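Q: In the working numbering, the protein residues as written are 2 to 481.
Idealized CB from N, CA, C, for every residue including glycine.
Since the structure is predicted, the reported quantities are computational estimates derived from the model, not experimental observations.
1. Kindly give me the distance between the Cβ atoms of residue 262 and residue 180, rounded to whole angstroms, as I take these residues to be in contact under 8 angstroms.
2. For the segment 343-426, list the beta strand (DSSP E) runs that are entirely contained and at least 3 residues long, ordered along the chain.
3. Thinking just about the alpha-carbon of each residue, which of 213, 155, 474 is nearest to the one in residue 185?
4. Run through DSSP, which three-state label would residue 242 get?
5. Between the segment 105-112 and the segment 343-352, are three or more C-beta pairs nearer than 8 angstroms?
6. Bridge partners for residue 278 per DSSP, in chain order?
7. Taking residue 233 as the reference, which of 226, 265, 360, 32 has the closest Cα?
8. Return the CA-CA distance between residue 190 and residue 403, expressed in angstroms with no decimal places.
9. What are the start and end residues of the beta strand (DSSP E) that includes residue 227?
10. Run through DSSP, which three-state label would residue 260 get?
11. On the DSSP bridge list, what partners appear for residue 290?
12. Examine the Cβ distances between the segment 295-313 and the segment 64-84 and report whether three or more of them are shorter than 8 angstroms.
13. Within the 8 angstroms Cβ cut-off, does residue 423 reach chain B?
14. With 16 as the cutoff for other CB atoms within 10 Å, does residue 432 come out buried or exposed?
15. Does the distance from the CB of residue 173 to the CB of residue 187 come in under 8 angstroms?
16. Can you tell me whether DSSP reads residue 40 as helix, strand or coil?
17. In the DSSP output, which residue or residues are listed as bridge partners for residue 56?
18. Look at residue 144 and residue 161 and say whether their C-beta atoms are less than 8 angstroms apart.
19. Can you grab the Cα-Cα spacing for the pair residue 45 / residue 72, in whole Å?
20. Would you kindly report the start and end of the unbroken alpha helix (DSSP H) that includes residue 134?
21. Could you give the distance in angstroms between the alpha-carbon of residue 400 and the alpha-carbon of residue 372?
22. With 16 as the cutoff for other CB atoms within 10 Å, does residue 152 come out buried or exposed?
23. With 16 other CB atoms within 10 Å as the buried threshold, where does residue 302 fall?
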């Protein structure tokens, strides 16, 4: 079985195998005419269940044929212009090339003696991102698996910087539409169930700074410890951006750690047109960025950045076999000193390849295109009497709800929208997401594909309306 190990003797076999796989995927991408086939769990599960993993096929072509049947044929393809659901972006080719390189070399970015140049490339990209944000000369950070891990690490640092022995007194302030990972992180960090204070949002789904000031004042009066304010630079549901300068001012006034979750809105850091929308981020103590959302990178590619590199010491542990303390004095750069992870992929290479081929302006142009598209989509929805749209987009998300002319029961309208989303997914013609607004069911377009057009948006809106009307017609028939 040594013939399957990647080394000098098998380099040609590696080239043939990978080329064959790439050709299969390329052919599939070229032939895909809708984002999903509509396959059901019940239809796909038996095909996978019948595969005996203890009986290998011993042939790459046969395995690729099998993979076509159990995965490639029915995968959800984010590159298709009518995939409009979650924060999944189509990926740029230089990043995919980087993925192929990093997988084959298989560096681990925890220590210098496992990564060498990879360590320096990651550090260069961290410094580049910190400079784009404007965090200052003492800034630092590390790549992570995604926004959830980045938020967890940032709040760990905030907890330690709060300098209290009573975790029960710690409070985190986040808007009512912030990411669920804030509450999840609080639990993982051993904080109480009341640790996260939900701050109301305004009509545009932005944190109300008056309400935040009130909660910070109450916290002080009650003898509690304000641990962190989590401001969101692009909420998952609405793409809304909290008023960062005003929040920064309150954090400075009360001496609170300011974390900006810009997992989604980090694309503005490369924007040629809308960079001002995230003004104030430079005043943060820590920032989450997800390159695999708005920098068009393959999953995973994320980072947590901090204003003061010294705060990263709260994630540092030394192991004699890995990163003994003497290495610090010897100026050997070990990224594990900054990370919650030990073994860690060289995901930074994907962004490095992207910047070296396309440049930051190339990324920014793509992100500006989807922001422009969302603005046009909002106009379509606002002018269409069949739909109620929630907020004008700050980024590239549209939240809306089909409103039938002849039905007034909110619960029935909920069911019509839920049915439309499910029927659309089953058809495979398009994929959209859903959420709740004020307890009612809404639909969501997350526009991250520059290939999507206003014609695509209009066509999907017609499909949604058609499915909803079909449901309501059948509902009326059943009622009669």
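A: For this structure:
1. 6 angstroms
2. 388-390, 398-403
3. 155
4. strand
5. yes
6. In the DSSP output, where bridge partners are listed per residue, residue 278 has none listed.
7. 265
8. 41 angstroms
9. 226-233
10. strand
11. 263, 304
12. no
13. Note that chain B does not occur in the displayed structure, where there is just one protein chain.
14. buried
15. yes
16. coil
17. Its beta-bridge partners do not exist; DSSP assigns none.
18. no
19. 9 angstroms
20. 118-134
21. 14 angstroms
22. buried
23. buried
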